[in-house]
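> Let me give you the structure first, and then I'll get to my questions.
There are 2 protein chains.
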Amino acid sequence: MFIDKTVHDFVNLTASNAPTPGGGGVSALVGALGIALGNMVGELTIGKKKYADVEDDIKRLMQEAQELKEEFLRLIDADAEAFAPLAKAYGIPKDDPGRDEIMEEALKTAASVPMDIVHTCGKALRVIEEFAEKGSKIAISDAGCAAALCGAAMQASALNVYINTQSMKDRIFAESMNSELDRLLNEYVNKGDVIYNRIASSLR
Amino acid sequence: MFIDKTVHDFVNLTASNAPTPGGGGVSALVGALGIALGNMVGELTIGKKKYADVEDDIKRLMQEAQELKEEFLRLIDADAEAFAPLAKAYGIPKDDPGRDEIMEEALKTAASVPMDIVHTCGKALRVIEEFAEKGSKIAISDAGCAAALCGAAMQASALNVYINTQSMKDRIFAESMNSELDRLLNEYVNKGDVIYNRIASSLR
């Protein structure tokens, strides 16, 4: 599994001509790193007298952050699995009568995990927003990093949906996926920017 | 060294209450992942007849991408080393007469690596811009991911400079670092957005 590779090897595999990890798996890892920084804000907040009022909220947020972190880690390898049939489908001769159907199915599979990553980034940004509001001010830069990274992970992952919907013959399915994606990007990329900019202004 | 940890363990260490890896080291890793995706665009371009005209450019860009990737990987552990004296300085009793001087030095050291990460992200975005222009269109989504990730890594790292310059007593040094940072962010975060948006529009 990719998550059992060393950081060094994972980066080098990404840089190589191997099809995975690619943009999808890397986005999931960046999401995991973002929500991990969110959780760190929680770790530096709980047990502090100054933040006793929000202790229960912070514990709930940390529980959510842990679950989202595990989900992102799962999605790193899920993306590689979902991409495999597409890599195989490209190898089918163009005049093979079964090619179109196999390709269409493979495109839908390959788009599904990046879409899950986008959803998970949205959930992560909500949690990070609350960490930024309620967490210890000594970790505020980490909350800002978390927001920037989960926003970018969402944007990066979206491209891995678009590149697959673009080639789909089933335009109704493709356009409904694209619309859902546009809606999520509009809502959450902006949320990430707002959190980041507020924190950057307070530190500058 | 952090880069010898597994991806799984690195993410979990980030989520923990350990001071490092924090926002700085994580930004360096995201930068490494971004430029690694840039290099992957190069890998999928070289040797292809369709891109023979740009073969020499792509080879040069891949050489630059490899160097930037190694630099980012080095900065992951360098950030932890540069942060250690600051973590120690916070432990010095507030009435210790030597505290201020040690703290000032530690703040400058802790700010230096995030600043290097910001510079490296800027260089990476220039290389990614050229990969996006000249590289194989089959890898265009990876070039877009690379741009989004290196832009966010730059923004995230900047917060780790600001949080340190904020506490410096030497305001001339602090303000000169902040101004340099503002200049870099203005130039390169925008460049990242332009690359990303152009690619997202072409795929949507």
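Going down the list, the sequences are from chains A and B.
To convert, note that position 65 of the first sequence is 64 in numbering that gives the first Met the number 0; the numbers rise steadily by one, no gaps.
To convert, note that position 125 of the second sequence is 124 in numbering that gives the first Met the number 0; the numbers rise steadily by one, no gaps.
Just so it is clear, CB atoms sit at the ideal spot from N, CA and C, and this is done for glycine as well.
1) Using 8 Å as the threshold, is the C-beta distance between D3 (chain B) and T5 (chain A) below it?
2) Does the beta carbon of C144 (chain B) come closer than 8 Å to any beta carbon on chain A?
3) Give a yes or no on whether the C-beta atoms belonging to V53 (chain B) and A138 (chain B) are separated by under 8 Å.
4) Would L106 (chain B) pass as an interface residue toward chain A - the criterion being a Cβ-Cβ separation below 8 Å?
5) Do L184 (chain B) and Q154 (chain B) have their C-beta atoms within less than 8 Å of each other?
6) I need the straight-line Cα distance from V121 (chain B) to I75 (chain B), nearest angstrom please.
7) By Cβ distance, which residues of its chain are closer than 6 Å to R98 (chain B), with the 5 residues on each side in sequence left out?
8) May I ask you to report which of helix, strand or coil DSSP gives T5 (chain B)?
9) What are the start and end residues of each continuous alpha helix (DSSP H) run of 4 or more residues lying completely inside the stretch 116-159 of chain A, in chain order?
10) Would you mind reading off the limits of the alpha helix (DSSP H) that contains Y89 (chain A)?
11) Ordered along the chain, which non-local residues of its own chain (more than five positions away) have a Cβ less than 6 Å from that of P113 (chain A)?
12) Distance cutoff 8 Å, beta carbons only. Does N185 (chain A) sit that close to anything in chain B?
13) Kindly list, in the order they appear in chain B, the residues whose Cβ is closer than 8 Å to that of G30 (chain A).
14) What's the call for N189 (chain A), buried or exposed, on a 16-neighbour Cβ count within 10 Å?
15) First and last residue of the alpha helix (DSSP H) that includes S200 (chain A)?
16) Of the residues A:K49, A:S26, A:V193, A:C149, which one's Cα is nearest the Cα of A77 (chain A)?
17) Do C144 (chain B) and L28 (chain B) have their beta-carbon atoms positioned less than 8 Å apart in this structure?
18) Are A79 (chain B) and T164 (chain B) closer than 8 Å when you measure CB to CB?
19) Please specify which runs of the alpha helix (DSSP H), each continuous and at least 4 residues long, are wholly inside the stretch 38-106 of chain A, giving them in chain order.
20) Could you check which residue in B:K168, B:A64, B:R203 has the C-alpha nearest to that of S166 (chain A)?
21) Using the Cβ count rule (16 or more neighbours within 10 Å means buried), how would you classify D204 (chain A)?
22) Within 10 angstroms of its Cβ, does Y89 (chain B) collect 16 or more other Cβ (buried), or is it exposed?
23) Does the beta carbon of F130 (chain B) come closer than 8 Å to any beta carbon on chain A?
24) Going by C-alpha to C-alpha distance, which of A:N11, A:L32, A:A151, A:K87 sits closest to D8 (chain B)?
25) Going by other Cβ atoms of all chains shown within 10 Å of its Cβ, with 16 needed for buried, is D141 (chain A) buried or exposed?
26) List the residues of chain A whose Cβ lies closer than 7 Å to the Cβ of S135 (chain B), in chain order.
27) Can you find a C-beta in chain B that's less than 8 Å from the C-beta of Y161 (chain A)?
28) Does the Cβ-Cβ distance between A86 (chain A) and G150 (chain B) come in under 8 Å?
The short version:
1) Yes, Cβ-Cβ distance for D3 (chain B) and T5 (chain A) is below 8 Å.
2) yes
3) no
4) no
5) yes
6) In the sequence as displayed, the identity of residue 121 (chain B) is Gly instead of Val. Cα to Cα, G121 (chain B) sits roughly 17 Å from I75 (chain B).
7) I91
8) strand
9) Correct list: empty.
10) Run containing Y89 (chain A): none; DSSP gives neither H nor E here.
11) Contacts found: G23, S156, N159, V160.
12) no
13) Per Cβ cutoff of 8 Å: no residues; G30 (chain A) is ~10 Å from chain B at best.
14) Exposed is the label assigned to N189 (chain A), since fewer than 16 other Cβ atoms lie within 10 Å of its Cβ.
15) Counted as a single uninterrupted DSSP element, the alpha helix (DSSP H) harbouring S200 (chain A) occupies residues 170-202.
16) A:S26
17) no
18) no
19) The qualifying runs are 54-88.
20) B:R203
21) Nothing in the structure corresponds to residue 204 (chain A), since chain A is present only between 0 and 203.
22) With fewer than 16 neighbouring CB atoms inside 10 Å of its own CB, Y89 (chain B) falls in the exposed class.
23) For F130 (chain B), the nearest beta carbon of chain A is not closer than 8 Å to its own beta carbon.
24) Selected option, being the one with the closest Cα: A:L32.
25) buried
26) Within chain A, no residue comes near S135 (chain B); the closest Cβ sits about 11 Å away, beyond 7 Å.
27) yes
28) No; because the gap between Cβ atoms is not below 8 Å, this pair is not in contact.
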